[in-house]
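A.B. asks: The structure follows.
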Amino acid sequence: MDEWFEKQRRELLRIIDKFTPEDGTHDTQVPGLRLIRASRLSEPVYSVYEPSLCIVAQGSKVVMLGHEVYQYDPSSYLTASVHLPITGQVMEASRETPYLSLQILFDMNQILDVIQVLGEAKRSKGEASRGVKVSRMNDTLLDAVLRLVKLVETPQDIPVLAPYVIREIIYRVLQNENNASLKQFAIIGSHAQRIAGVIKKLSRDFAQPLRVDELAAEAHMSTSSLYDYFKEVTGMSPIQFQKHIRLQEARRLLFSESIDAAEAAFQVGYESPSYFNREYARMFGLPPVRDVRRLRSSLVGEMTISEEINEG
């Protein structure tokens, strides 16, 4: 990294460190801006990424989509174009040198607005491509992101300046050829935009029976086209996608609402508790009860570490 780049990164690091007093994800007054801190290496965390830009100021992270692995650090950034069930894991972090990063959530209308100004919002089928990309960080994008993050320190400036800086950030991301596909997800009528609609429906109605022919009809595609484009965007079939969403939601329910495995299975759409248990163990490595017990034990350990940090 050159001297200017390192100076910008350190300023970004300073602000994130200042506004993340403890581990976790911290919302800010800037719409869509989240700051993240982790003081230890994490186990795989299962979640759903929203359309967003993710930047690491210190440390590194691995994101897994299906069987594909994406790693990014301060020299790169990750963009997610659609809602995707991913597995994330912090790979570099310690109490002395914590993992510090940020996420900027995108509104597809914001992206479309920039595309229209560029004169590229033509109705086009286009080719859909993977909904996650890792690209090399550049000076102009880092500069714009830093200006947005600095607004956290001057909240009175946020209403006036934040919309313009976010617009610039979107423009900088779209200028990168590696993120050209991001445009397609915002253009009405494109294959990517139709698949984004299918993903949204599956994410919302995950507990309902999956009928690919009905999804294809709603997306104005043949069943084979839907399957091919869906797999191109998500790296998995619609059935695999639904399974990931269901199991992640079941895990959340088991951990946060103290219900038994059979009830969690029913709530997310499984008719057979035994089949649910097998699928759950295949994805998370342990049967539901043992997995939740381990998660709670891990949480107690993290709280102890946090208390030690605060006391120190």
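Under UniProt numbering, the residue at position 233 of the sequence shown is numbered 233, and the numbers go up by one with no gaps. Here a beta-carbon is modelled for each residue, glycine too, at the ideal position from N, C-alpha and C.
Looking at the strands, I want to know which residues DSSP matches up with residue 92.
C.D. replies: Taking the first residue of the sequence shown as 1, we reach residue 92 at position 92. 60.
A.B. asks: Quick one: what does DSSP say residue 130 is sitting in, helix, strand or coil?
C.D. replies: Here residue 130 refers to the residue found at position 130 when the sequence shown is read from its first residue. In this structure, residue 130 counts as coil in the three-state DSSP scheme.
A.B. asks: For residue 197, which three-state DSSP category applies?
C.D. replies: What you label residue 197 is simply residue 197 of the sequence shown in a count that begins at 1. Of the three classes helix, strand and coil, the one that applies to residue 197 here is helix, per DSSP.
A.B. asks: Alpha carbon to alpha carbon, what distance is there between residue 48 and residue 83?
C.D. replies: Counting from one through the sequence shown, the residue named residue 83 turns up at place 83. Counting from one through the sequence shown, the residue named residue 48 turns up at place 48. Their backbone Cα atoms lie some 6 Å apart in a straight line.
A.B. asks: Ignoring anything shorter than 4 residues, give me the alpha helix (DSSP H) runs that lie fully in the segment 193-270, in order along the chain.
C.D. replies: Complete alpha helix (DSSP H) runs here, min 4: 212-218, 223-234, 238-256 and 261-267.
A.B. asks: For the beta strand (DSSP E) containing residue 173, name the first residue and the last one.
C.D. replies: The residue you call residue 173 lines up with position 173 of the sequence shown. Residue 173 -> not in any beta strand (DSSP E); alpha helix (DSSP H) instead, spanning 158-175.
A.B. asks: In chain order, what residues of the same chain lie with their CB nearer than 6 Å to the CB of residue 264, ignoring the 5 residues before and after it?
C.D. replies: The residue given as residue 264 occupies position 264 in the sequence shown. So the list reads 250, 253 and 254, once near-sequence residues are dropped.
A.B. asks: Could you compute how far the alpha carbon of residue 13 sits from the alpha carbon of residue 145?
C.D. replies: Numbered from 1 along the sequence shown, position 13 holds the residue referred to as residue 13. Numbered from 1 along the sequence shown, position 145 holds the residue referred to as residue 145. Cα to Cα, residue 13 sits roughly 12 Å from residue 145.
A.B. asks: Within the continuous alpha helix (DSSP H) that includes residue 17, where are the two ends?
C.D. replies: Residue numbering aside, residue 17 sits at position 17 when the sequence shown is read from its first letter. Taken as a continuous stretch (DSSP letters only), the alpha helix (DSSP H) holding residue 17 covers 3-18.
A.B. asks: If residue 141 sits next to residue 173, beta carbons under 8 Å apart, how far is it from one beta carbon to the other, in whole angstroms?
C.D. replies: Counted from its first residue, the sequence shown places residue 141 at position 141. Counted from its first residue, the sequence shown places residue 173 at position 173. Correct: roughly 7 Å between the Cβ atoms.
A.B. asks: Cα-Cα, which of 50, 53, 51 and 90 is closest to residue 69?
C.D. replies: Here the question's residue 69 lines up with position 69 in the sequence shown. Of the candidates 50, 53, 51 and 90, the one whose C-alpha sits nearest the C-alpha of residue 69 is 90.
A.B. asks: Alpha carbon to alpha carbon, how far is residue 233 from residue 58? Give it in angstroms, no decimals.
C.D. replies: Here residue 58 refers to the residue found at position 58 of the sequence shown. Here residue 233 refers to the residue found at position 233 of the sequence shown. Approximately 29 Å, taken between the alpha carbons.
A.B. asks: Find out if the Cβ-Cβ distance for the pair residue 72, residue 114 is shorter than 8 Å.
C.D. replies: The count along the sequence shown starts at 1 and reaches residue 72 at position 72. The count along the sequence shown starts at 1 and reaches residue 114 at position 114. No; because the gap between Cβ atoms is not below 8 Å, this pair is not in contact.
A.B. asks: Using only the alpha-carbon positions, how far apart do residue 157 and residue 31 sit?
C.D. replies: Here the question's residue 157 lines up with position 157 in the sequence shown. Here the question's residue 31 lines up with position 31 in the sequence shown. C-alpha separation (whole angstroms): 12 Å.
A.B. asks: Considering only C-alpha positions, which residue in the set 266, 67 and 18 is nearest to residue 87?
C.D. replies: As a first step, residue 87 must be located in the sequence shown, where it is residue number 87. If we check each option's Cα against that of residue 87, 67 comes out closest.
A.B. asks: Can you give me the Cβ contacts of residue 167 inside the same chain, cut-off strictly under 8 Å, excluding the 5 residues immediately before and after it?
C.D. replies: In the sequence shown, counting from the first residue as 1, residue 167 sits at position 167. Cβ neighbours of residue 167 beyond the five flanking positions: 110, 113 and 114.
A.B. asks: Can you list, in chain order, the residues of its chain whose CB lies under 6 Å from that of residue 54, leaving out five sequence neighbours each side?
C.D. replies: Translated into positions along the sequence shown, residue 54 becomes position 54. Here the set comprises 78 and 103.
A.B. asks: Keeping to the same chain, check which residues put their C-beta closer than 7 Å to that of residue 153; ignore five residues upstream and five downstream.
C.D. replies: Position 153 of the sequence shown holds residue 153. Taken in chain order, the residues that qualify are 15.
A.B. asks: Is residue 98 closer than 8 Å to residue 38 when the C-beta atoms are compared?
C.D. replies: Counted from its first residue, the sequence shown places residue 38 at position 38. Counted from its first residue, the sequence shown places residue 98 at position 98. Going by C-beta atoms, residue 38 is nearer than 8 Å to residue 98.
A.B. asks: Using 10 angstroms around the beta-carbon of residue 164, count the other beta-carbons present and answer buried if the total reaches 16, otherwise exposed.
C.D. replies: Position 164 of the sequence shown, counted from the first residue, corresponds to residue 164. It is exposed - the Cβ of residue 164 has fewer than 16 other Cβ atoms within 10 Å.
A.B. asks: Closest to residue 101 by CA distance: which of 239, 290, 296 and 74 is it?
C.D. replies: By one-based count along the sequence shown, residue 101 stands at place 101. Residue 101 has its Cα closest to that of 74, out of 239, 290, 296 and 74.
A.B. asks: Does the beta-carbon distance from residue 52 to residue 106 come in below 8 Å?
C.D. replies: Here residue 52 refers to the residue found at position 52 when the sequence shown is read from its first residue. Here residue 106 refers to the residue found at position 106 when the sequence shown is read from its first residue. The answer is yes: Cβ separation under 8 Å.
A.B. asks: Expressed to the nearest angstrom, what Euclidean distance is found between the alpha-carbon atoms of residue 123 and residue 274?
C.D. replies: The sequence position of residue 123 within the sequence shown is 123, counting from 1. The sequence position of residue 274 within the sequence shown is 274, counting from 1. Reliability fails at residue 123, whose pLDDT of 46 lies under 50, so the model's placement of it is uncertain and the value that follows must be treated cautiously. Rounded to the nearest angstrom, the two C-alpha atoms are 47 Å apart.
A.B. asks: Compute the beta-carbon to beta-carbon distance between residue 221 and residue 204, rounded to the nearest angstrom, for a pair I have assumed lies under 8 Å.
C.D. replies: The sequence position of residue 221 within the sequence shown is 221, counting from 1. The sequence position of residue 204 within the sequence shown is 204, counting from 1. In fact, because the Cβ distance is near 19 Å, the residues do not count as touching under 8 Å.
A.B. asks: For residue 197 versus residue 219, is the C-beta distance shorter than 8 Å?
C.D. replies: As a first step, residue 197 is located in the sequence shown; it is residue number 197 there, counting from the start. As a first step, residue 219 is located in the sequence shown; it is residue number 219 there, counting from the start. A contact, by the Cβ cut-off of 8 Å.
A.B. asks: Measure the Cβ-Cβ separation of residue 162 and residue 148 and say whether it is below 8 Å.
C.D. replies: Taking the sequence shown and counting its residues from 1, one reaches residue 162 at position 162. Taking the sequence shown and counting its residues from 1, one reaches residue 148 at position 148. Yes, the pair counts as a contact, with Cβ atoms nearer than the cut-off.
A.B. asks: If you drop the 5 nearest sequence neighbours on each side, which residues of the same chain put their C-beta closer than 8 Å to that of residue 237?
C.D. replies: Position 237 of the sequence shown holds residue 237. 227, 230 and 231, listed in sequence order.
A.B. asks: So the candidates are 189, 175 and 271; which of them puts its Cα closest to the Cα of residue 118?
C.D. replies: Locating residue 118 in the sequence shown gives position 118, where the first residue counts as 1. Residue 175 is the option with its Cα nearest to residue 118.
A.B. asks: Run the CB neighbour count on residue 297, radius 10 Å, all protein chains shown included, and call it buried at 16 or more, exposed below.
C.D. replies: Sequence index remark: in the sequence shown, residue 297 carries index 297 (1-based). Exposed: under 16 other Cβ atoms inside 10 Å.
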